[in-house]
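Notes follow once the structure below has been shown.
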Amino acid sequence: MKSKILDAVGISAAVLCLIHCIVFPLLLIVPLGISHNPYIDLAFLFIGAVVVFRVTQKMEKRWLKFLFWISIALIFISVLTDLLFEIHIPLIYIGAAGLITGHIINFKNHKH
Numbered sequence: 001m002k003s004k005i006l007d008a009v010g011i012s013a014a015v016l017c018l019i020h021c022i023v024f025p026l027l028l029i030v031p032l033g034i035s036h037n038p039y040i041d042l043a044f045l046f047i048g049a050v051v052v053f054r055v056t057q058k059m060e061k062r063w064l065k066f067l068f069w070i071s072i073a074l075i076f077i078s079v080l081t082d083l084l085f086e087i088h089i090p091l092i093y094i095g096a097a098g099l100i101t102g103h104i105i106n107f108k109n110h111k112h
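Last residue of the sequence shown: 112 (UniProt numbering), numbering continuous.
Okay, here's the thing in C-alpha cells:
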C-alpha cells in the first residue's frame with residue numbers, strides 16, 4: 001500500500017480517535033446508560049500502530065519517525081492505564097494530535 005494512502009488512513013483513524021476521546025466523556029454526562037469501553041481505545045491503538053509501522057519502515061526523517069512512535073507510545077500508556085487501573089489520563093489526546101500532525105506532514109512531503 002502506498003505511503004500516501006497509509007497517511008490518509010492514519011489521519012482518518014487519528015481524527016476519529018480524537019473525536020471519540022473528546023465527545024465520549026461528554027456523552028457520559030447525559031444519563032443514557034452509556035459506559036466507557038477501553039477496548040474501543042485499544043482498537044484505535046492497534047490500527048494506529050499498524051499504520052505507523054508501515055509508514056515509518058522506509059522513512060528517512062528521524063524526527064518524523066520519532067513523532068510517530070512517541071505519539072503511539074503516549075496513546076499506549078493512556079490505554080494501558082485505563083485498562084489496568086481505570087484511570088483516564090490525557091496523554092491519549094496528545095498522542096492523537098501527534099499522529100494527525102505526523103501524517104499531515106508526511107502526506108505533504110510526498111510528490112503527488
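Beta carbons are placed, not taken as given, at the ideal position from N, Cα and C, and that holds for glycine.
message: So, under 8 Å CB-CB, CYS17 and PHE46 are touching, yes? Tell me the CB distance rounded to an integer number of Å.
response: Locating residue 17 in the sequence shown gives position 17, counting from the first residue. Locating residue 46 in the sequence shown gives position 46, counting from the first residue. 11 Å between Cβ atoms; not a contact.
Whole runs of the alpha helix (DSSP H) within the segment 50-91, excluding any shorter than 4 residues: DSSP assignment within the segment 50-91 yields the following whole alpha helix (DSSP H) runs of 4 residues or more, N-terminal first: 62-85.
message: Checking 9 Å against the spacing of the C-beta atoms, do ILE94 and LEU74 come in under that value?
response: Counted from its first residue, the sequence shown places residue 94 at position 94. Counted from its first residue, the sequence shown places residue 74 at position 74. Yes, these two residues count as a Cβ contact at 9 Å.
task: Could you tell me which of ILE87, LYS2, ASP41, ALA13 sits nearest to PHE76, measuring between CA atoms?
output: Residue numbering aside, residue 76 sits at position 76 when the sequence shown is read from its first letter. It is ASP41.
- request: State buried or exposed for ASN106, treating a residue as buried only when at least 16 other CB atoms are found within 10 Å of its CB.
  value: Along the sequence shown, one-based indexing puts residue 106 at 106. ASN106 should be labelled buried.
- request: Identify whether LYS2 lies in helix, strand or coil by the three-state DSSP scheme.
  value: Along the sequence shown, one-based indexing puts residue 2 at 2. LYS2 falls in the coil class under three-state DSSP.
message: Rounded to the nearest angstrom, what separates ASP82 and HIS88 at their Cα positions?
response: In the sequence shown, residue 82 corresponds to position 82, counting from 1. In the sequence shown, residue 88 corresponds to position 88, counting from 1. The alpha-carbon atoms of ASP82 and HIS88 are separated by roughly 6 Å.
- prompt: To which residues of the same chain is VAL55 closer than 8 Å at the C-beta, ignoring the five residues directly before and after it?
  reply: The residue given as residue 55 occupies position 55 in the sequence shown. Answer for VAL55: SER3, LEU6, ASP7, GLY10, PHE68, HIS103, ASN106, listed in chain order.
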